[in-house]
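Below: the structure, in structure tokens.
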Amino acid sequence: MKKVEWSKSDIISQYIESGNVMYKATLEGDYKTNNKEGKKITQVFKYLEKNLELAADTLPLLFDNENVVIRTKAAAHCLALKIHIDKAKKILEDAANDDKNGIFGFNAQMTLKVWHEQGFLKVY
1 MKKVEWSKSD
11 IISQYIESGN
21 VMYKATLEGD
31 YKTNNKEGKK
41 ITQVFKYLEK
51 NLELAADTLP
61 LLFDNENVVI
71 RTKAAAHCLA
81 LKIHIDKAKK
91 ILEDAANDDK
101 NGIFGFNAQM
111 TLKVWHEQGF
121 LKVY
């Protein structure tokens, strides 16, 4: 998992892989697996913090993913990086307002709440 250089396809693949695992783990109540995958996504985010142009090119490609975890993670990371803010907010708002998203919609709602209250998001 520890990479020195991440390509656009590496980043997309990791978000999709981890997002799918996190979705399933959350529904199954498997917090250990969820946390493990969350750490992988955070590692990619930390790389993107230092490579904003790559982040700006890559994260929007995940906005249309069918998995709500992948969409909302990408959107939250855009807010944290201060890129694609309007689109990221809309994705989180849509997820928060869609009853079928359950806990994932609540997570999106809380992400927006923190972002509005603090004016920023910190990913760690």
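Per UniProt numbering, the sequence shown starts with residue 1, numbered consecutively.
C-beta atoms are modelled at their ideal positions from N, C-alpha and C, and glycine is treated no differently.
In this text, all values refer to a predicted model and were calculated from it rather than measured experimentally.
| Query | Result |
| --- | --- |
| Below 8 Å CB to CB, which residues in the same chain sit around L52 once its five sequence neighbours on both sides are set aside? | L81 and I83 |
| Could you check the C-alpha separation between K46 and K39 for me, to the nearest Å? | 10 Å |
| Report the option in Q43, M22, K50 and V44 whose CA atom is closest to the CA atom of N35. | M22 |
| Less than 6 Å between C-beta atoms, sequence neighbours within five positions excluded: which residues of the same chain meet that for S37? | At residue 37 the sequence reads Glu, which differs from the Ser that was named. Correct list, in chain order: S18, V21 and M22. |
| Distance check for Y124 and K8, CA to CA, integer angstroms please. | 21 Å |
| Applying the criterion that 16 or more other CB atoms from any shown protein chain within 10 Å of the CB defines a buried residue, is G119 buried or exposed? | exposed |
| When the Cα atoms are used, what is the spatial distance from V102 to D57? | Looking at the sequence shown, residue 102 is not Val but Gly. Answer to the nearest angstrom: the Cα atoms are 30 Å apart. |
| Helix, strand or coil for I91? Go by DSSP, reduced to three states. | helix |
| Who are the Cβ neighbours of residue 126 in its own chain at under 6 Å, not counting the five residues just before and after it? | For residue 126 there is no data in the structure shown, the boundaries of the chain being 1 and 124. |
| Using the C-alpha atoms, what's the distance from A108 back to L92? | 5 Å |
| Quick test of your reading: Y12 and L61, contact by CB under 8 Å. State the CB separation rounded to the nearest angstrom. | Strictly speaking, residue 12 in this sequence is Ile, with Tyr absent from that position. Rounded, the Cβ-Cβ distance is 6 Å, consistent with contact. |
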